[in-house]
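Asks: The structure's right below; bear with me while I get my questions together.
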Amino acid sequence: MALVRVALDARSYDIVIEQGALDRAGETLRGFARKGRLVVVTDANVAATQLPRLEASLRAANVAVEPIILPPGEQTKSWRHLEQLLDALLAQEIERGDHIVALGGGVIGDLVGFAASILKRGCHFVQVPTTLLAQVDSSVGGKTAINAKAGKNLIGAFYQPSLVLIDPSTLDSLPPRETRAGYAEVVKYGLIDDPAFFGWCEANADALLAGDPDARTYAIEHSVSAKAAIVADDERETSGRRALLNLGHTFGHALEADTGFSDTLLHGEGVAAGMALAFRYSARLGLCPVEDAERVTAHLKAVGLPHDLATAHVTADGTALVGHMLHDKKMAAGTLPFLLARGIGQTFLSKDVVLDDVAAFLDEERAG
């Protein structure tokens with residue numbers, strides 16, 4: 003078992019990483035079960051594969067389980083499903099001292115976390131992430147949100163969980179595409195400030211994606227340790243350090259918006275293409291060696307992730323894609339900060355990017 007602490011004073015919590023943790027979750031979560039029961043929120047896909055394991059473990063620990071099952075997919079991060087979830091939680095008579103368990107990927111974690119932040123002015127929740135993307139990124143750090151017509155994650159709150167319980171064995175049931183999408187967030191940590199870890203990714207991606215337990219566990223522990231340190235230093239993205247975690251997201255969210263936040267382009271796939279675009283744009287500006295940008299693109303291509311507009315199934319022109327960026331929640335005084343790079347492991351925040359130039363770059367990319 004690995005234990006990573008997110009140090010946030012009174013809001014501090016542990017990330018537990020353990021193979022088979024879901025089958026022993028009753029022991030871990032029993033202390034969070036007021037009145038001897040827990041409400042578990044999940045989606046239909048996870049309900050079929052992982053919910054029975056969690057229910058069996060909780061019931062063995064004399065904890066009653068009240069499941070709430072939502073539809074799978076990015077579309078569930080919506081006003082409609084938030085209202086549906088809140089009504090269901092109120093029907094379960096959730097109190098402010100209760101914990102809600104979020105069992106699933108990033109969509110469930112984001113939605114449940116936001117619901118917990120506003121239900122009765124704030125109750126508690128536990129993250130039990132079941133996808134690689136959620137395990138290495140979205141379950142940690144307290145960013146919760148739903149999407150709006152104008153863009154992704156525009157309605158939400160910073161709200162930390164009480165615990166993150168990660169069982170790498172849940173990845174066994176994931177389709178290969180979902181695992182690859184999550185792997186993009188693993189690569190991100192190497193590209194931000196850890197070139198040695200990017201080298202590890204290049205050497206071990208095949209084993210990780212094939213399900214090697216040692217490679218998976220190492221990647222998860224390394225990733226959440228890196229994120230926990232950044233979150234502890236800059237919980238609400240005020241100093242700028244936490245903004246580094248958005249590498250690839252400004253481009254990626256625009257690509258997701260253009261594809262309708264649908265299964266055409268999964269979030270991790272959008273991030274992968276976004277990181278490749280960020281490095282190529284940095285090279286175009288003369289900030290980053292061309293060979294580093296090519297190395298990033300080559301690695302993403304080698305593992306089967308989108309790495310340009312074509313492989314992301316995006317046909318919009320640069321002006322339309324920049325239009326999506328204008329709705330980015332990071333906009334400040336009409337300026338959109340961009341994560342650019344001086345090389346692999348040398349990501350930095352730029353506040354002087356000219357959006358017309360970004361549009362021209364994207365048109366060049368579109369033209370091939």
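For this note's numbering, count along the sequence shown from 1 and bump the result up by 2.
Don't be surprised by glycine CBs; every beta carbon is placed ideally from N, CA and C.
A245 and P163: beta carbons closer than 8 Å?
Replies: By 1-based counting over the sequence shown, the position of residue 245 is 243. By 1-based counting over the sequence shown, the position of residue 163 is 161. Their beta carbons are not under 8 Å apart, which means A245 does not touch P163 by this criterion.
Asks: Out of curiosity, what's the CA-to-CA distance linking G262 and L88?
Replies: Within the sequence shown, the letter at position 260 stands for residue 262. Within the sequence shown, the letter at position 86 stands for residue 88. Roughly 25 Å separates the two Cα atoms.
Asks: If you follow the beta strand (DSSP E) that I96 is in, where does it begin and where does it stop?
Replies: The residue labelled residue 96 in the question sits at position 94 within the sequence shown. Boundaries for I96: no beta strand (DSSP E) harbours it, and the DSSP string shows neither H nor E there.
Asks: Among the residues of its own chain, which have a CB less than 7 Å from the CB of A63, if the five just before and after it don't count?
Replies: For the purposes of this step, residue 63 is taken as the residue at position 61 of the sequence shown. Contacts found: G28, E29, R32.
Asks: Give the DSSP-derived three-state secondary structure of I346 in the structure shown.
Replies: Within the sequence shown, the letter at position 344 stands for residue 346. I346: coil per DSSP, three-state reduction.
Asks: Out of C290, A275, F253, G270, which one is the CA nearest neighbour of T321?
Replies: Position 319 of the sequence shown holds residue 321. Cα-wise, what sits closest to T321 is F253.
Asks: As a quick exercise: from R13, D11, S14, A4, pick the residue whose alpha carbon is nearest that of G21.
Replies: Here residue 21 refers to the residue found at position 19 of the sequence shown. First, the amino acid is wrong: residue 21 is Gln here, not Gly. Cα-wise, what sits closest to Q21 is A4.
Asks: What would DSSP say about Y161, mapped onto helix, strand or coil?
Replies: As a first step, residue 161 is located in the sequence shown; it is residue number 159 there, counting from the start. If DSSP states are grouped into helix, strand and coil, Y161 belongs with coil.
Asks: For the candidate residues E258, V114, V292, A362, whose alpha-carbon lies nearest to that of V316?
Replies: As a first step, residue 316 is located in the sequence shown; it is residue number 314 there, counting from the start. Comparing Cα positions, the closest option is E258.
Asks: Please name the residue in D45, T146, S59, V42 whose C-alpha comes closest to that of L24.
Replies: Taking the sequence shown and counting its residues from 1, one reaches residue 24 at position 22. Considering only alpha carbons, the answer is S59.
Asks: Taking the continuous alpha helix (DSSP H) assigned at L302, which residues delimit it?
Replies: Counted from its first residue, the sequence shown places residue 302 at position 300. Counting along the chain, the alpha helix (DSSP H) containing L302 begins and ends at 292-304.
Asks: If you pair each beta-carbon of the segment 192-199 with each one of the segment 346-356, do three or more pairs fall below 8 Å?
Replies: yes
Asks: Quick one: complete alpha helix (DSSP H) runs, 4+ long, within the segment 70-136?
Replies: 81-93, 108-120
Asks: Specify the secondary structure class of N206 as computed by DSSP and reduced to three states.
Replies: The residue given as residue 206 occupies position 204 in the sequence shown. Helix.
Asks: Quick check: the segment 125-141 against the segment 105-114, are at least 3 beta-carbon pairs closer than 8 Å?
Replies: When Cβ pairs closer than 8 Å are counted between the two stretches, the segment 105-114 is seen to touch the segment 125-141, the count reaching three or more.
Asks: Count the other C-beta atoms from every protein chain shown that fall within 10 angstroms of the C-beta of P177, then say buried if there are 16 or more, exposed otherwise.
Replies: Mapped onto the sequence shown, residue 177 falls at position 175. Within 10 angstroms of the beta-carbon of P177 lie fewer than 16 other beta-carbons, which makes it exposed.
Asks: Compare the beta carbon distance of L211 and T240 with 8 Å and say whether it is the shorter of the two.
Replies: Position 209 of the sequence shown, counted from the first residue, corresponds to residue 211. Position 238 of the sequence shown, counted from the first residue, corresponds to residue 240. The answer is no: Cβ separation not under 8 Å.
Asks: Who are the Cβ neighbours of R61 in its own chain at under 7 Å, not counting the five residues just before and after it?
Replies: What you label residue 61 is simply residue 59 of the sequence shown in a count that begins at 1. Correct list, in chain order: V67.
Asks: In or out: K154 buried (at least 16 other Cβ within 10 Å) or exposed?
Replies: Counting from one through the sequence shown, the residue named residue 154 turns up at place 152. Per the 10 Å Cβ criterion, buried.
Asks: Whole angstroms are fine: how far does the CA of V8 sit from the CA of G99?
Replies: Looking up residue 99 in the sequence shown gives position 97. Looking up residue 8 in the sequence shown gives position 6. Going by the C-alpha atoms only, they are around 21 Å apart.
Asks: When the Cα of I157 is compared with those of D169, K190, I120, which residue comes out closest?
Replies: Taking the first residue of the sequence shown as 1, we reach residue 157 at position 155. When each option's Cα is compared against that of I157, the closest is I120.
Asks: My parser needs the alpha helix (DSSP H) runs of 4 or more residues fully inside the segment 178-229; what are they?
Replies: 178-195, 197-211
Asks: What is the DSSP secondary structure of S284, reduced to helix, strand or coil?
Replies: In the sequence shown, residue 284 corresponds to position 282, counting from 1. If DSSP states are grouped into helix, strand and coil, S284 belongs with the helices.
Asks: Whole angstroms is fine: what's the gap from L53's alpha carbon to I70's?
Replies: Residue mapping note: residue 53 aligns to position 51 of the sequence shown, counting from 1. Residue mapping note: residue 70 aligns to position 68 of the sequence shown, counting from 1. Cα to Cα, L53 sits roughly 11 Å from I70.
Asks: For M327, which option in V356, V305, H83, R286 has the closest C-alpha, if you only look at C-alpha atoms?
Replies: Numbered from its first residue, the sequence shown carries residue 327 at position 325. Measuring from the Cα of M327, the nearest candidate turns out to be V356.
Asks: Residues in the same chain with beta-carbon distance under 6 Å from R282, minus the five sequence neighbours each way, listed in chain order, please.
Replies: One-based indexing of the sequence shown puts residue 282 at position 280. Result list for R282: A295, in chain order.
Asks: Determine the direct distance from the alpha carbon of D265 to that of A312, and round the result to whole angstroms.
Replies: Taking the sequence shown and counting its residues from 1, the one referred to as residue 312 is at position 310. Taking the sequence shown and counting its residues from 1, the one referred to as residue 265 is at position 263. So the alpha carbons of these two residues sit roughly 16 Å apart.
Asks: Within this structure, are the beta carbons of L72 and D45 separated by less than 8 Å?
Replies: Position 70 of the sequence shown, counted from the first residue, corresponds to residue 72. Position 43 of the sequence shown, counted from the first residue, corresponds to residue 45. Yes, these two residues count as a Cβ contact at 8 Å.
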